[in-house]
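So the structure is just underneath, and the comments pick up after that.
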Amino acid sequence: MELRHLRYFTAVADTLHFGRAAKRVHVSQPTLSQQIRQLEEELGSPLFERARSGVRLTQAGELFRTYASRALEDVDAGRMAVGELRGLTTGVLRVGYPPSMRGVVMPALAAVLRKHPRLALSAEEAVVRRLERRLADGKLDVGLGYAPARSPDLDAEAIFDSRLALVVARGHALAGAETVGARHLANESFALLSRGLRVRTRVDAYFDALRLAPHIALESNAVATVLAIVRAGLAVTVLPELRLADAERLVVKRLSPAPRSELAALLWRKGAPRTPAAELFADEVRARSKERS
Numbered sequence: 033m034e035l036r037h038l039r040y041f042t043a044v045a046d047t048l049h050f051g052r053a054a055k056r057v058h059v060s061q062p063t064l065s066q067q068i069r070q071l072e073e074e075l076g077s078p079l080f081e082r083a084r085s086g087v088r089l090t091q092a093g094e095l096f097r098t099y100a101s102r103a104l105e106d107v108d109a110g111r112m113a114v115g116e117l118r119g120l121t122t123g124v125l126r127v128g129y130p131p132s133m134r135g136v137v138m139p140a141l142a143a144v145l146r147k148h149p150r151l152a153l154s155a156e157e158a159v160v161r162r163l164e165r166r167l168a169d170g171k172l173d174v175g176l177g178y179a180p181a182r183s184p185d186l187d188a189e190a191i192f193d194s195r196l197a198l199v200v201a202r203g204h205a206l207a208g209a210e211t212v213g214a215r216h217l218a219n220e221s222f223a224l225l226s227r228g229l230r231v232r233t234r235v236d237a238y239f240d241a242l243r244l245a246p247h248i249a250l251e252s253n254a255v256a257t258v259l260a261i262v263r264a265g266l267a268v269t270v271l272p273e274l275r276l277a278d279a280e281r282l283v284v285k286r287l288s289p290a291p292r293s294e295l296a297a298l299l300w301r302k303g304a305p306r307t308p309a310a311e312l313f314a315d316e317v318r319a320r321s322k323e324r325s
């Protein structure tokens with residue numbers, strides 16, 4: 033049984049005339065009659081009584097008409113829903129990102145929501161390892177992380193060079209420096225992201241390369257907490273350059289020698305269809321990355 037059988041049957045049931053029904057569904061009358069016979073054979077019961085006085089629905093036809101109409105209504109509603117999803121008038125966007133990339137994600141999500149206010153957004157902030165696992169399991173539509181992805185189930189689309197930089201309060205002594213070297217850092221107190229986070233691993237590797245044992249005044253898994261301490265002038269920090277969610281009263285300084293950079297990336301599940309909402313979000317991220325690179 034196919035949708036055309038239901039449409040042909042409904043046309044005859046509505047008009048009680050094979051000729052008028054054939055015109056409605058744009059087929060010849062013999063074709064329509066053949067399709068109705070096929071449907072009756074599949075159901076094992078006649079649906080219409082054909083007589084000189086006209087066409088009438090049988091009891092089976094009356095019963096089947098209810099279900100056929102309902103099925104066609106559901107299909108039309110489904111087609112409309114998919115159209116709305118494609119047009120971004122409805123749907124869900126599930127995004128995952130590490131704390132250090134909040135400054136890229138938040139403006140992109142805001143832009144998506146301004147353009148399509150009926151979208152339901154879900155933003156999950158977590159370490160990259162967890163985000164990759166969630167994305168591979170189909171629990172996120174798109175993620176941000178690094179290229180290459182650790183999971184073989186993901187594709188990584190590089191979007192910008194993630195360089196580490198020193199972040200200080202606007203009134204800090206290093207705020208006016210051209211670049212900041214190891215000798216400037218030796219006597220500073222640091223607020224850093226917690227151990228185990230990817231950014232912290234990069235920061236520790238940089239300090240090791242400088243043979244520097246920094247004084248760590250605060251460790252936190254929240255970028256906002258780290259920046260609050262820096263903004264208050266109680267410490268400095270090292271984070272990916274120009275990817276800060278709130279740079280108010282903060283100054284970003286280049287480090288010398290320059291730390292090894294990594295490629296920040298959009299992460300996608302291999303072989304999975306990309307939703308229109310996820311593609312729109314990705315376009316916003318790409319645009320902002322070009323502006324800030």
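In terms of my numbering, the sequence shown opens at residue 33 and continues consecutively.
Glycine is no exception: its CB is placed at the ideal position from the N, C-alpha and C atoms.
For clarity, every value in this text was computed on a predicted model and none was experimentally measured.
Is residue i near residue j, with beta carbons less than 8 Å apart?
i    : j    : result
Q66  : H37  : no
L298 : L163 : no
D185 : K302 : yes
S226 : E251 : yes
L3   : V235 : In this structure the chain extends from 33 to 325, so residue 3 is not present and cannot be described.
V283 : R202 : yes
S293 : V136 : no
S194 : P272 : yes
L259 : V159 : no
S101 : L125 : no
F50  : L64  : yes
L295 : A190 : yes
E316 : V144 : yes
R182 : E157 : no
L89  : F313 : no
R263 : R286 : no
On the three-state DSSP scale, how would you describe residue i?
i    : result
V59  : coil
E105 : helix
A158 : coil
V44  : helix
D173 : coil
E210 : coil
A297 : strand
H327 : With the chain represented from 33 up to 325, any question about residue 327 goes unanswered, as that position is not in the structure.
K285 : strand
E164 : helix
G123 : coil
L153 : strand
D185 : coil
A256 : helix
G128 : strand
A277 : Low confidence applies to A277: its pLDDT is 45, below 50, so where it sits in the model is not reliable enough to give any reading.
S321 : helix
A314 : helix
S65  : helix
A290 : coil
Locate the alpha helix (DSSP H) running through residue i, then write down its first and last residues.
i    : result
P139 : 134-147
D240 : 230-242
V268 : Looking at the DSSP string, V268 is not in any alpha helix (DSSP H), and its letter there is neither H nor E.
Measuring alpha carbon to alpha carbon, tell me which of the options ends up nearest residue i.
i    : options                : result
L22  : R215, S194, A205, L229 : Summary: the structure shown does not reach residue 22, with the chain confined to residues 33 through 325, and so no result is reported for it.
V87  : G110, V44, T98, N219   : V44
P291 : A309, R281, L198, Q91  : L198
R84  : E72, G93, L48          : L48
P130 : R232, S77, T90         : R232
V59  : M133, Y40, L75         : Y40
L244 : I261, Y99, G265, F222  : F222
E74  : R82, F96, A304, K55    : F96
L266 : A304, P62, H204, H148  : H204
T98  : T257, D46, I261, N219  : D46
P305 : H247, I261, G170       : G170
Using a Cβ-based criterion (distance less than 7 Å to any ligand heavy atom), does residue i qualify as near the ligand SAH?
i    : result
R150 : Inclusion of the ligand SAH in the displayed structure is not the case, the ligand content being empty and no account of it being possible.
Between which two residues does the beta strand (DSSP E) carrying residue i extend?
i    : result
E366 : Absent from the model: residue 366. The displayed extent of the chain is 33 to 325, so no value can be given.
L196 : 196-201
H204 : Looking at the DSSP string, H204 is not in any beta strand (DSSP E), and its letter there is neither H nor E.
H247 : 247-252
G86  : 86-89
A304 : Careful: A304 lies outside any beta strand (DSSP E) and carries neither H nor E.
A223 : 221-225
Please report the Cβ distance between residue i and residue j, rounded to the nearest whole angstrom; I am assuming they are in contact, meaning their Cβ atoms lie under 8 Å.
i    : j    : result
V200 : V268 : 5 Å
A188 : A179 : 4 Å
G208 : S288 : Their Cβ separation, rounded to whole angstroms, is 15 Å, which puts G208 and S288 out of contact at 8 Å.
T307 : G123 : 7 Å
V107 : L151 : Actually they are not in contact, since the Cβ atoms of V107 and L151 sit about 25 Å apart, beyond 8 Å.
Y238 : L196 : 6 Å
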